[in-house]
Amino acid sequence: SGGDDTASGDACGSKIAFFGALTGSSAALGINEHNGVKLAVDKYNKENADCKVELVPLDSQGSPDQAPQLAQKAIDDTKILGIVGPAYSGESEAAGPLFNEAGLVTITPSATRPSLAEQGWKTFFRAVGNDFSQGPAAGNYIKNVLKADKVYVIDDQSAYGAGLADEVKKLLGPAVVGSDKVQGEGKQVEFSAVVTKVKAANVKAIFYGGYYQEAGLIRKQLTAAGVNAPLVAGDGVNDVAYITSAGAAAAEGTILTCPCQPATEARGTFAQEYKALNGTDPGTYSDTAYDAANILLAGIKAGKATREGLLEFVKGYSGEGVAASYKFVEGGELDPAQVKVWAFKVQGGKVVPDQEIPKS
Amino acid sequence: MSDTEQTPAVPAQAGAPAVEAVPTREPLLEVDNVTLRFGGVVALNEVDFTLYKGEILGLIGPNGAGKTTCFNAMTGIYQPSEGQIRFRGQKISGKKRHQITRMGMARTFQNIRLFPEMTALENVLVGADAHHKTSVISALFRLPRYWKEEREGREKAERLLEFVGIRKRMHEFARNLSYGEQRRLEIARALATDPVLLCLDEPAAGFNPAEKEELLQLIRQIRDTGVTVLLIEHDMRLVMGVTDRIVVLEFGKKIAEGLPAEVRDNPKVIAAYLGVPDDAA
Amino acid sequence: MNFDGLFSNFGELTTTGLTQGAIYALVALGYTLVYGVLRLINFAHSEVFIAGAFAALWTWNGFGLNQDSQVSGVGTIIFYLLAAMVVAAVASAGTATVIERVAYRPLRKRNAPPLAFLITAIGASIAIAEAFGVYTDRRPQGAPALVSSKPLFEVAGVPIDAIQLLTIGAALVMMIGLDMFINRSRVGRGIRAVAQDANTAALMGVNKDRIIMMVFIAGGAMAGVAGLLYDVRIQTLTYSVGFLLGLKAFTAAVLGGIGNLRGALLGGLLLGVVENYASGLFGSEWKDFAAFALLVVLLMFRPTGLLGESLGRARA
Amino acid sequence: MTTVLEKVRSGREAAGERWRGAPRWVRWALLAAVIVFFYALPNKEFYQYLGPIPTPGANFTQVMFTVSIYVLLAVGLNIVVGFAGLLDLGYFGFFAVGAYTVAVLTSPSSDIKTLWPWLLAVPVAIALTMVSGVMLGTPTLRLRGDYLALVTLGFAEMIRIGAVSSEFLKGQRGFNQIPHPPGQYADGKPVFGVLDARPYYWLVLTLIILVVIGVRNLTHSRVGRAWISIREDEDAAQLMGVPTFKFKLWAFAAGAAIAGLAGALFAGKQNFVNSQNFELLNSIIILAAVIFGGSGNIVGAIVGGGLVAYMIERFRGIEVFGFELYEFRFLFFGLVLVIMMIFRPEGLIPNRRRAAEFKDRRKEVTVGE
Amino acid sequence: MLLEIDDVSLLYGRIQALHGISLTVDEGEIVALIGANGAGKSTTMRAISGIRPVATGSIRFDGEDITKLRADLRVRRGLCQAPEGRGIFPGMTVLENLDMGAYTRRDRAGIAQDLDRVLGLFPRLAERRKQHGGTLSGGEQQMLAVGRALMSRPKLLLLDEPSMGLAPMLIQQIFDIIVEINQQGTTVLLVEQNAQQALARAHRAYVLETGRIVKSGTGAELLHDPAVKEAYLGVA
Ligand SMILES: Nc1ncnc2c1ncn2[C@@H]1O[C@H](COP(=O)(O)OP(=O)(O)OP(=O)(O)O)[C@@H](O)[C@H]1O
Ligand SMILES: Nc1ncnc2c1ncn2[C@@H]1O[C@H](COP(=O)(O)OP(=O)(O)OP(=O)(O)O)[C@@H](O)[C@H]1O
Ligand SMILES: CC(C)C[C@H](N)C(=O)O
Ligand SMILES: [Mg+2]
Ligand SMILES: [Mg+2]
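Structure representation (C-alpha cells):
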C-alpha cells in the first residue's frame, strides 16, 4: 500500500498519541508536554473541523517497565499514526525497539539521553538537544560560575539521570570528590545515607542527575542536616514541582539546566494560547512538545494516512516551530545548530531563567 | 499372671532362656558408655547396654531417668556428648536421621506424631517409601519403577494396616482416628520402613487394661516376624509380661539389667522405681 | 570497594546507623510481640507505623504548621512533639486494634489455617497503604523542621545532634519499659502464656482476646512513636515508605531472635549500623542489599537469631 | 447472609461431589471443553460475545498473556508452598533469574553480546534458575517456617537490588531488543511478533498444560508424599526415612524451574527486561494467588493465579464518578484478600485435606467468643 | 451441688463426642470418671472448663449457669483443670509455669505458701525450678501440670489422667496427694485410666461409654461391679 499521498480524506479521523508520564512521581514534566500537544491538536481541529485528529494520552508513569506494554497498546491501535514522545529516556529505551519494529514514528520533545539516537531505530526523532550538550554545560556552570572545586555527584540510576551525571563527572574530573546513587520514580524518600556522606565530604556544590521529586527530597534533607552547598540539576528537575518537594526555603538558590530555551521565550502567541487553554503558564518542554505535535499534524494534513507515509514525511521534514527550526539529521537528532542550553535558578519560590550557557 | 511362664515361651529362634543365649546371640545395637549432657543436666551418664537380635528389651526407670533421651540419641535427634552407639556394627553418630531409619531402626513417639492431614494409608506409604527409589525423574514421567513401587507400597501398607487392625480406617485422616488407633497407626508406619529394630516409647500410655492386653499380643507378634523390639513403658504388667530382658535407668545411670523377674526383685529397682510391689495397691 | 569512604565517615555513619536502627527497633517490637503471641508475621504492622507517622504530620498541620514553617522556643517545640506523639501513638494503636478486629479475629474465630492469616495481613497492609496513597495523591508530604540538626556536642570527633539523641533515647526508654512490662507484670506473664499455649492459658484464667488486644495496642503505640520520630528526622512522608521500613524492622526482629524484645533492639541497631557502613563502603544503593545479606548470613549461623526466641514456643 | 453463603458452599461441595462421581468420559469431555475454551478465548471473533469478560481498558489478548504467566507462576509456587509447606515469599526472584538469563544472553544491550536466539537461551534460563534455587535452598532450607519466609523474601530483594544497582544487569535501564521466539508464517512474517499476542498466549497455555501434567505426576508419587509429610511434621518425616533436605531442595528447584520458564517466556514476549519488573509486590501477589485459590491444590492455584491477575487488569479503563478505578486497583485487591480470606480461609478451591479439616474446625469455636 | 451438668452434647465437626450426659459433683467430693479410649472423658472435661462449646444442655457451677461463660472467667469462679497432654508452657521455667497457675490470685503470701507446698510435694520440680518446661521429661511435665493446677487453689479441681506417664511409685503418690487436698477442702473431678486406683479413692464415680454415661455409683460399688471389673480393670 505504502504512503498514499494523494487522498487527503483518508487521514481524517486518524490519531496521534502522547506517550509520557501523566501520573506518578515525575508527572509534572509529562503534563507540561501533554498540555503543549493538546494545544497543537486543539488548534488543528479548529482549523480542520471537517477532518479532525484525535489525541490519545498514553500514561507511562515515567516508568520503563510500563513502556513496552503501553507501546504495544499504541501499536495495536492502527489508527495511531504517530507519537509525541516517549517523553523520558528510560521509557524510550524500552519502547523504541517495538516502535521500530512496528514502523510507528515517534518524535520525542524531551528524552535527552544521547544513545537513543545511536540504536539504529528508523522511527526515532528528537526535537531537542541531548545530554552531550546539557551535561558539559552544567559542568561548566559549576566550574565557571559557581567556582566549586569540590563537587558531589548523585544520580538516580535512570537512563537519563545516570547518563547526565556521567557527562558532568567527565567534565569536572577530579573536582568530583564523591558520588552516590539513589533510586528514582518515587521509590526512595529517605536519603539519610547519602546525606550523611555528602555532609561528611564537605563540598562546594552538589550535582543531581534525575527527576524533581527525589531532587527535592534530597535538597530538603541536606538542608535539614545542615548542608548548604548549592544543588545543580538538569532538565528533569526543572519544574516548580521541585520547589514543592524541597520546600521553598531549601529550594532557594538551586541551579537547573535544560537543553532548551525557557518556554516563555517561545515565538509568537504560544505562551498566551497555552495559558488560555490549560490555565497555567507553559513549563519546561511545553513548547517543544507543541512543535513535535505540529510536525505530525503537518504530515496528516499533507494526507499521510499510513504509518509508513508519516514516517517518511517526518524524516524529510524541515520547518519552523515556536521553539526552534526543525530538521532532523542522522539518527533522528535535531540539527545541532538549533540546540541551546539554558541555566535557570530558583528564586523567591519560582524557577526563573538565569542565562544561556555558551556551548563549549 | 506370672512372668516365669512368659519368659521361656518367648525366644522363637533360640529356643533357650534369653540370658544364657546372650553370648551366642548377635548384637544388634550397642550403647557404649554414652553420656549426654544438656548444659548442667546429665541426662545420660555412661549408659552401657546391648540389644540382641530377636529379643524384646524393656527400658524402664523413674521419670526423667533418661529413657526418651536414650531413644533420641539412638535415632539421631541428639548427639551423645561422650560414648558411641553402634547399630548393626556401624556408628550412629554423624549419620542423618533418615539414614538411620534406612539402616533399619524405626520408632514411635511418646507424644504421637503422625502426619495429621494424610490418610492412614498415606501415613504408612511414607514409611514404605523409605526403601523406595522412585526419583523425581521417574515420577515425573511415570517410568516403570514408579508403577512397580507404587503397587508394592500399596500392598505392603494394606497388609500392615490389617496387621495392626485398622485396615477398615485406611482412608480416614490420621487426625480423625481415636487415640488408640493413632498409636496403632504409628506402629504400622514404623513397621513399613522394614525395621530390624523397633523402638516404642510408652505405647500403652492412656490405654486401659484391656487395650494394654491387646497391645501386648501385638508386640509379641511383631517380634515373631523377626523384628527386635526396644520398649519404654511404665506399666509393669505390660513390661513384665512381654520383655525378655530389662534395663533400668535412674538419673541417667544404668542401675540394673536382667530378666524381668530378677529386675522386679532387685531392691535398688524397688527403691528407685517400683515402690511397693504392684499388687499391694 | 571504597574503604576510605567507610573509614573517613565512620563516626557519622555510626550515629546515622544507630538513629535509623532505633526506629527499626521500635517498629520491630510490634512485629516481635504479635509474632510471639500469634505466630503471625503481621504484615500490616508497617501500616500501623504509617498511620502514626501521618497522624503526627497532620497534627502539626492542624496546628497550622507546614513544611516551610519555622518553629522556635524549646517549650513550643516540646509541646508540638508531645502532642504529636500522643496522637500518633493513639492513631497507631487504634489502627492496630482495628486490624486485629477486622482482619484477624474473625479468622481466629473460624479456626483458619495460619496461611490465611498471612494473606489477610498482606491484604490489610496493601489496602491501608493504598488508602493513604490515594488520599495523599501518592505525593510525599513535607513535615516542619521541628528539632534542629545543629550538632549539640561531639563524641570522639563525631557531632551528635538533638534528633539523634531524641530518637535513640526514646527507643531505649520504650524498649526498657516494654521489657519490664512483659517480664515483670502479671499481664506480661499472661502475654507470654498465650504466646506459648493459648488454650492452656485460658485454663489458667487468662483472657486471650484481651491479651491479644493488649499486644496490638502496645506494639501499635511503639510504632506510632516510631512514626513521629521518623517525621522529625526525615521531614518527608510518603504512603509507601512503610513497606520497606516494615520489612527492615521485621528483619531486625528476626536478627535479634523473633519474640525476643531485647533482640528487637539489638537487631534494629545492628541492622541500622551495618546498612550505613555498607552504604559508605559500596555506595548507598547497596544499603538494602547489605541488610538482607546480613540476615541471610546470620541466620545460617544462628538459625534463631542473635538472642534466640523467647516469647514464643521454644522448639523442644 | 450466612445462609446464602452456606448455600453457595454446599452447592460448590455438591459440584465437587458430582465431579468426582461422574464417569470418566464425562470428566474428560468437560476437561477438553475447558481447554478448548481457553484456546479460543483470545480470538476477537469469540470473546466479543462474552459480555463483561473482555477487559475494556487493555487489549484482551495481552491481558490473557499476563494472566497465563501468573497462572504458570502460581502452579510453580504451589509446589513449594502448597505441597512442601515451605513459605516462600521471594518466588518472583526466580522469575527474575529466568528473565535476566534470557536478556543477558540474547539482548544487544547486554555486555557479553552473545546475541543468542531466544530458544537457545530458554533451557539455559531454566537450568540457571534451578541452580539458583538449589543455591538459595542449600543454606536456607535448614531454617524453619517463618525464618525461611523472611530469608526468601530477603533473597528476592537482593536479586532485585542487584539488578537495580549492578552495571552488568543494567538496572532500571534494562535490556531491550530481546528476540522473539522463532517461527514464520508461510508469507515470511514472524509468528511471534509485536502485532499479535495470541501465539504467545497459546504457547504459554500449552506449557501450562504440560507443567500441570508433570506436577500431578509428581504429587501422586513418593515425591509428593514426601513433600506433604514434610509439611505435616518434618521431624517425624525424617525419622520415617524421608531425606527431607533433598526433597525440600527438589521442591525449591522444581518451583524455581517453572518460574524460570515463565521468566524466559515473559522476556521473549516483552522484548524488554529491567529491574522494575521484579518488585517485591509481585512475589506477594503470587503467594496471595496461590492461597486465595487454595494452596495444595493444582486447580486452586490455577484459578487463584488467573483470577488475581485478571482482577487487577480488569480495573483498567473503568471510571466511576470520574475516578479511574485502576488507580484504586491495589486498594480493592487488598480488601478483596481480607474479605475473601475471612469467608473462605481455606481458599476458593481447597485441597481435599484442607477442605475436610476446615469443615470440622469451622464449628469448633471457643465458648463465649 | 457444686457442679451440675445437665444433658450436655458436644460435637467435633461431624463427630458427636457427647450424647446428652448428666452428672453432678458435690462440694467436698472426689468424683471419678472412667471409660475406654475415646469414650469422651476428656471431652467432658473440656466442656466443663469451657475450651470446647457444648451443642446442647447446660452446665451450672456454684449455683451459676456457666454454659456460655468464657473459659478464663470460669477459672476466676474457682474451676481449674490440669489438661490432658499436660499443656506446659514450654518457654517458661518451672517456676513461671507454677506462677501461671496462680494467675487469677492476688494474695502474695498465700501464693508463696502454696508454691512451697507444691515444691515439697514434687521435689523433682524443685530441682528443676529454673529449667524450661519444654525440656522436662514426660513424667516431670505431668508433675508440673498437676502442681500448677494446685497453685490456683480452685474450688473444683479437674484432673485429666494425672497419672499418665508417671512411674509406678509416683502414681501412688499422686493419688495420695489427691486425697490429701480433698481432705483440705478441694473438690475433685478425676479422669483416670488407672481405674482401680481411682475408684478406690473416689466417693462416687461415673462410667462413660461412647459419649454416654452408662453407670454411676459410689467408688466402692463400681470397684466391685463385675462388668466394670471386666471392661476397665482388666481382671478377668
Ligand atoms: N533439652 C533439654 N534440656 C535440659 N534438660 C533436658 C532436656 N531434655 C531432657 N532433659 C532432662 O533430661 C532428663 C531425662 O529426660 P527424659 O525425657 O529422657 O526422661 P524419661 O526417662 O523419658 O522420663 P519419663 O518417663 O518421664 O518420660 C530429664 O530430667 C529432663 O529434664
Ligand atoms: N479434636 C478432635 N477432633 C475430632 N474428633 C475428636 C477430637 N478430639 C476427640 N475426638 C473424638 O471424640 C471422641 C472422644 O474423645 P475424648 O478425647 O473425649 O476421649 P477420652 O475418653 O478422653 O479418651 P482417652 O482415654 O483416649 O483420652 C473420640 O472418638 C475422638 O476420636
Ligand atoms: C522530561 C524530561 C525531563 C526527560 C529527561 N530529559 C529524560 O531524558 O528522561
Ligand atoms: Mg520419656
Ligand atoms: Mg482423654
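Residue numbers (the numbering used here), protein chains in the order written: chain A, 15 to 374; chain B, -6 to 274; chain C, 4 to 319; chain D, 12 to 380; chain E, 3 to 238. Note that beta-carbon positions come from the ideal geometry of N, C-alpha and C, so glycine has one too. Nothing here was measured: the structure is a model prediction, and the numbers come from that model.
What residues in the stretch 169 to 182 of chain D have a beta carbon less than 8 Å from any beta carbon of chain C? M169, I172, G173, V175 and S176
How is the alpha helix (DSSP H) around M166 (chain E) delimited, first residue to last? Element bounds for M166 (chain E): n/a, residue is neither H nor E.
Taking any Cβ of chain B, which residues in the stretch 160 to 179 of chain E have a Cβ under 7 Å from it, in chain order? Listed by position along the chain: E163, M166, G167, L168, A169, P170, M171, L172 and Q174.
Can you check whether the C-beta of A173 (chain C) is within less than 8 Å of a C-beta belonging to chain A? Contacts with chain A at 8 Å (Cβ-Cβ) do not include A173 (chain C).
Check whether chain E comes within 8 Å of M229 (chain B), counting only Cβ atoms and requiring the distance to be less than that. yes
C-beta atoms of A101 (chain A) and A85 (chain A) nearer than 8 Å: no
Length-filtered (3 minimum) beta strand (DSSP E) runs lying within the stretch 66 to 106 of chain A: The stretch 66 to 106 of chain A contains these whole beta strand (DSSP E) runs: 68 to 73 and 94 to 98.
Is the beta carbon of A229 (chain E) less than 8 Å from the beta carbon of G219 (chain E)? At least 8 Å separates the beta-carbon of A229 (chain E) from that of G219 (chain E).
Beta strand (DSSP E) containing Y340 (chain A): first to last residue? S339 to K341
Under 8 Å between the Cβ atoms of V150 (chain C) and L175 (chain C)? no
Relative to the C-alpha of D244 (chain D), which residue among B:A167, B:G268, B:Q72 and B:R216 is closest? B:A167
Hey, out of D:A167, D:A114, D:F203 and D:I239, whose CA is closest to G187 (chain D)'s CA? With the sequence shown as reference, residue 187 (chain D) is identified as Asn, and Gly is not the correct amino acid for it. Among D:A167, D:A114, D:F203 and D:I239, the Cα nearest to that of N187 (chain D) is on D:A114.
CB-CB under 8 Å to R160 (chain B), same chain, minus the five flanking residues each way: which ones, in chain order? E151 and L154
Sorry if obvious, but does the Cβ on E143 (chain B) come closer than 7 Å to a heavy atom of ligand 5? no
Using a C-beta to C-beta distance shorter than 7 Å, which residues of chain A count as neighbours of F244 (chain C)? Looking at the sequence provided, one finds Val at residue 244 (chain C) rather than Phe. Residues of chain A passing the Cβ test: V203 and E204.
Using DSSP with H/G/I as helix, E/B as strand and the rest coil, what is I241 (chain D)? Correct three-state label for I241 (chain D): helix.
Which residues, in chain order, does the stretch 196 to 210 of chain C contribute to contact with chain E at a C-beta distance below 8 Å? A196, A198, Q199, D200, N202, T203, A204, A205, L206, M207, G208, V209 and N210
In chain order, what residues of the same chain lie with their CB nearer than 7 Å to the CB of A183 (chain B), ignoring the 5 residues before and after it? A99, R100, T101, G120 and L191
Own chain, CB closer than 8 Å to H164 (chain B), minus 5 neighbours either side, in chain order: T112, A113 and L114
Should T79 (chain C) go down as buried or exposed, given a rule of 16 or more other Cβ atoms within 10 Å for buried? Exposed.
Could you name each continuous beta strand (DSSP E) segment of 3 residues or more that falls completely within the stretch 151 to 226 of chain A, going from the start of the chain to the end? 165 to 169, 190 to 195 and 219 to 223
Within 7 Å of chain A by C-beta, residues of the stretch 280 to 291 of chain D in sequence order: Q281, N282, F283, N285, Q287 and N288
Taking 8 Å as the CB-CB limit, is Q103 (chain B) close to chain E? yes
Proximity test, Cβ basis, 8 Å: E231 (chain A) and chain C: The residue asked about is misnamed: residue 231 (chain A) is Leu in this sequence, not Glu. L231 (chain A) counts as touching chain C.
Show which residues of chain C have a CB atom less than 9 Å away from the CB atom of Y158 (chain D). Contact of Y158 (chain D) with chain C by beta-carbon distance below 9 Å involves V257, I261, L302, P306, T307 and G308.
CB of D305 (chain A) to nearest heavy atom of ligand 3: below 7 Å? no
If we cut at 8 Å on Cβ distances, does T28 (chain B) have a partner in chain E? no
Cα separation between A91 (chain C) and A58 (chain C)? Our two residues, A91 (chain C) and A58 (chain C), have alpha carbons roughly 5 Å apart in a direct line.
Which residues in the same chain as G194 (chain D) place their Cβ atom closer than 8 Å to its Cβ, once the five residues preceding and following it in sequence are excluded? P201, V202, F203 and P210
Beta-carbon distances below 6 Å to any heavy atom of ligand 3 define the shell here; list its residues in chain order, please. A:L43, A:A101, A:Y102, A:S103, A:S124, A:A125, A:T126, A:R127, A:Y174, A:D249, A:G250 and A:Y299
I want to check one thing, is the minimum distance from the CB of T45 (chain E) to the heavy atoms of ligand 2 below 7 Å? yes
Please state the DSSP three-state secondary structure of F6 (chain C). helix
Mapping the DSSP letters down to three states, classify G223 (chain C) as helix, strand or coil. Helix at G223 (chain C).
Is it right to say M(-6) (chain B) is buried, meaning 16 or more other beta carbons lie within 10 angstroms of its own, or is it exposed? Bear in mind that a pLDDT of 38 at M(-6) (chain B), under 50, signals an unreliable position, so the number given afterwards is only what the model happens to contain. Label assigned to M(-6) (chain B): exposed.
For the stretch 59 to 74 of chain A, list every residue whose C-beta sits within 8 Å of some C-beta in chain D, in sequence order. none
With a threshold of 16 other CB atoms inside 10 Å of the CB of P134 (chain D), please say whether the residue is buried or exposed. Per the 10 Å Cβ criterion, exposed.
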